[in-house]
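K.L.:
Residue numbers (the working numbering): 5 to 170.
Don't be surprised by glycine CBs; every beta carbon is placed ideally from N, CA and C.
Let me begin by handing over the structure; questions about it come next.
Structure follows, in structure tokens:
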């Protein structure tokens, strides 16, 4: 019937066509605002984060007999060094490894402590002068409680000199 068709046409003509979601201005404004907030938060985090202390010196300790590397030393700006083993060194049960350093112009080597084979050792250097290029580091075989004289007395197990990292 003609009346029915006219009524159908009138009811559909008044309804606006739906706007696709990608044309919604509010959606894009919201996404842009969220992106701006995320950018500002990440920038604030990056700018307020303390810098990572890179090593300033590296030493490779080698066995004097065969020049095989056995330990690595990393020294950083915060005056701490790490003695890192590259393997496990055999130490007799009645002996201990003692860690030493001596800078150019120092009167004698200074003990940095006893070392357990295969374990990393961190040593604060707040009581020592600043590290210098060519500073000597060594591990010696000593009595279980360390050198009785305060100076190296046993055979050198590993030795190396500091090299400044650029």
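Roughly how many whole angstroms lie between the Cα atoms of residue 43 and residue 12?
P.N.:
Separation of residue 43 and residue 12 (C-alpha to C-alpha, rounded to the nearest whole angstrom) is 52 Å.
K.L.:
Could you say if the segment 115 to 128 and the segment 72 to 90 meet the contact criterion of at least three C-beta pairs nearer than 8 Å?
P.N.:
yes
K.L.:
Please look up how many angstroms separate the CB atoms of residue 101 and residue 161, rounded, as I've assumed it's under 8 Å.
P.N.:
So it is a contact: roughly 6 Å between Cβ atoms.
K.L.:
Which of the three DSSP states, helix, strand or coil, is assigned to residue 110?
P.N.:
coil
K.L.:
For the segment 133 to 150 against the segment 60 to 74, are there 3 or more C-beta pairs whose distance is under 8 Å?
P.N.:
yes
K.L.:
Is residue 104 buried or exposed, if buried means 16 or more other CB atoms sit within 10 Å of its CB?
P.N.:
buried
K.L.:
Let's test the definition: count the other Cβ atoms within 10 Å of the Cβ of residue 164 and tell me whether it reaches 16, buried, or not, exposed.
P.N.:
buried
K.L.:
Here's the rule: buried if 16 or more other CB atoms are within 10 angstroms of the residue's CB, otherwise exposed. What is residue 94?
P.N.:
exposed
K.L.:
Tell me whether residue 79 is buried or exposed, calling it buried when 16 or more other Cβ atoms sit within 10 Å of its Cβ.
P.N.:
buried
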